[in-house]
Amino acid sequence: MNTHTAESIEQIYNFLKEDQFIYSKQQFDKIERLLQELHTQGKDGFLAEKPYKYKFHFNGSHIGLNAGDAPRFAKNEEFLGWLFKKLKVHKTIHSNHFYNEV
């Protein structure tokens, strides 16, 4: 699955939200799990450090992300909007199609 599009990120997010194991976890763990799914270099190169610091590979770049300002994981639109902004992934406004800003 191409995890670089807003649509696929949202699908992964929704799938994880349905997981009872994730549901019972803390915010740090939920974000960590989602970013692990988006990480594009297998198990190598992913790092999660408390409080809310993550390093991973996404869309051809190494990303350092401080998620201390992230909305609650359960707040779909707010959380995904925050994540898309951090990852520089955008939804089109005029249709249901998604794209990445290059």
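Reading the sequence shown from the start, the letters are residues 39 to 140 in our numbering.
Glycine included, every Cβ here is placed at the ideal spot set by N, Cα and C.
Bear in mind that the values here come from a model prediction, so they are computed numbers and not experimental data.
query	result
Start-to-end residues for the beta strand (DSSP E) that takes in residue 104	99-104
Residues that residue 87 bridges to, as DSSP identifies them	91
Status (buried if at least 16 other CB within 10 Å, exposed otherwise) for residue 99	exposed
Close Cβ partners of residue 71 (< 7 angstroms) along its chain, the five nearest in sequence each way excluded	54 and 60
Cut-off 6 angstroms between Cβ atoms - residues of its own chain near residue 94, not counting five sequence neighbours on either side	73, 77, 84 and 101
Contacting residues, own chain, Cβ-Cβ under 7 angstroms from residue 109 (five flanking each side not counted)	116, 117 and 120
One or two residues paired with residue 96 in a DSSP bridge	99
CA-to-CA distance, residue 66 to residue 92, given in whole angstroms	10 angstroms
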